[in-house]
Amino acid sequence: VEESINCSPLKSTRKRSAELGIPRSTMREHMKNDLGVRPWRPSFVNELSDNDRDNRKECCSELLNTFATIPSRGKVFFSDECAIYRSDRKRNVFFWSKENPHYIKEIKQTTHVMMWAALNAHHVIAPYFFNGSVNHKSYLEMLQNWFVPELDALGDVWLQQDGAPPHYALSVKEFLNDSFPDRWIGRGSPVSPAPLKWPARSPDLTTCDNSLWGYIKEIIQSRRYQNNEELKDAVRAAFATITPTMLRKMSHKTWRRIILCYENDGDHTDTLGFKH
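In the UniProt record's numbering, the protein residues as written are 1 to 276.
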């Protein structure tokens, strides 16, 4: 059994049991009690280059300088798109090992529904469902007709977005400059004195990716859906369960990650043993 684990740490216990001719329950007990191995979920993240780490540390430094107080940090809306699937194959992937291997795996799946969300320490504005893939026109339309009108009563809030191509179009940047003068974070941001450029390959630093998507998926992926409309209804119902306390905790978690990233020279926070 130990040799099988060393050769194929990603193999499921069902397959390993069949190959070795050992009852699955017996093998799992042996793996846990005698070999001291346990299942670890891999982190599905992007590998970072040295340049990526430098950019991440620089951005975190600027964020911590710009938002030095907890109230100011609570005004930042972190935003992102997310592909929602009718079933999630990643949930069944485990790495068997005695110690956390910090195993990183990239995975690609076919998109079923693409949604967008934004949240800060006090409000969540979501979900918005795109018709088909996201491009600069559909993204701008969402900002103009759906997101920004929701902000009328919220005062001078900030918006963070990553560097995806639809976010970087000239028409989008012009709209952001008008709607969030010196108050948006992302690729091409004109914020002075130091532009707040969001670093590539950094979903771990956004509230959507490090908290929100996991919470929503945990609720909706307990079952399979017959069609996309059924899936969308489940997503809306999941968002309705988010409480003010949850928003504050999610925001706190994001800023703890930003601090951790800065203190560890831009390393990925999912590989630094971050738990809360």
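All C-beta atoms, glycine included, are put in the ideal place defined by N, C-alpha and C.
Please read these numbers as outputs of a predicted model, since none were measured by experiment.
Under the three-state reduction of DSSP, which class applies to residue i: helix, strand or coil?
{"i": "alanine 117", "result": "strand"}
{"i": "serine 4", "result": "helix"}
{"i": "proline 195", "result": "coil"}
{"i": "alanine 200", "result": "coil"}
{"i": "proline 190", "result": "coil"}
{"i": "valine 134", "result": "coil"}
{"i": "leucine 143", "result": "helix"}
{"i": "lysine 275", "result": "Low confidence applies here, because lysine 275 scores a pLDDT of 49, under 50, leaving its location unreliable and the question unanswered by this model."}
{"i": "glutamate 29", "result": "helix"}
{"i": "proline 71", "result": "helix"}
{"i": "histidine 268", "result": "coil"}
{"i": "glutamate 150", "result": "helix"}
{"i": "asparagine 46", "result": "coil"}
{"i": "arginine 24", "result": "helix"}
{"i": "proline 9", "result": "coil"}
{"i": "lysine 206", "result": "The sequence as given places threonine at residue 206; lysine does not occur at that position. In this structure, threonine 206 counts as coil in the three-state DSSP scheme."}
What is the rounded straight-line gap between the Cα of residue i and the Cα of residue j?
{"i": "aspartate 34", "j": "arginine 28", "result": "10 Å"}
{"i": "threonine 110", "j": "aspartate 209", "result": "Confidence at threonine 110 is low in this model, with a pLDDT of 49, below 50, so its placement is unreliable and the value that follows should be read with caution. Each residue's alpha carbon lies about 19 Å from the other."}
{"i": "lysine 57", "j": "serine 79", "result": "20 Å"}
{"i": "arginine 183", "j": "leucine 20", "result": "60 Å"}
{"i": "isoleucine 185", "j": "asparagine 227", "result": "36 Å"}
{"i": "aspartate 265", "j": "alanine 238", "result": "36 Å"}
{"i": "asparagine 6", "j": "valine 37", "result": "11 Å"}
{"i": "phenylalanine 175", "j": "alanine 164", "result": "16 Å"}
{"i": "threonine 26", "j": "leucine 10", "result": "19 Å"}
{"i": "proline 190", "j": "aspartate 178", "result": "12 Å"}
{"i": "alanine 68", "j": "tryptophan 213", "result": "27 Å"}
{"i": "tyrosine 225", "j": "glutamate 263", "result": "43 Å"}
{"i": "leucine 205", "j": "isoleucine 22", "result": "43 Å"}
{"i": "threonine 207", "j": "arginine 16", "result": "37 Å"}
{"i": "phenylalanine 147", "j": "glutamate 81", "result": "13 Å"}
{"i": "alanine 18", "j": "tryptophan 158", "result": "55 Å"}
{"i": "aspartate 233", "j": "lysine 75", "result": "29 Å"}
{"i": "valine 172", "j": "leucine 231", "result": "29 Å"}
{"i": "asparagine 131", "j": "serine 49", "result": "34 Å"}
{"i": "arginine 236", "j": "valine 1", "result": "45 Å"}
{"i": "arginine 91", "j": "serine 12", "result": "The pLDDT assigned to arginine 91 is 49, lower than 50, so where the model puts this residue is not dependable; a value taken from the coordinates is nonetheless given after this. The straight-line gap from Cα to Cα measures roughly 12 Å."}
{"i": "leucine 143", "j": "threonine 254", "result": "23 Å"}
On the DSSP bridge assignment, give the partners of residue i in chain order.
{"i": "leucine 159", "result": "Phe77 and Trp184"}
{"i": "alanine 83", "result": "Met114"}
{"i": "phenylalanine 129", "result": "Met115"}
{"i": "valine 124", "result": "Leu119"}
Between which two residues does the alpha helix (DSSP H) carrying residue i extend?
{"i": "valine 235", "result": "228-239"}
{"i": "isoleucine 220", "result": "213-220"}
{"i": "tryptophan 255", "result": "244-263"}
{"i": "cysteine 60", "result": "50-66"}
{"i": "tyrosine 168", "result": "165-168"}
{"i": "valine 20", "result": "For the record, residue 20 in the displayed sequence is leucine; it is not valine. Here the alpha helix (DSSP H) through leucine 20 covers 13-20."}
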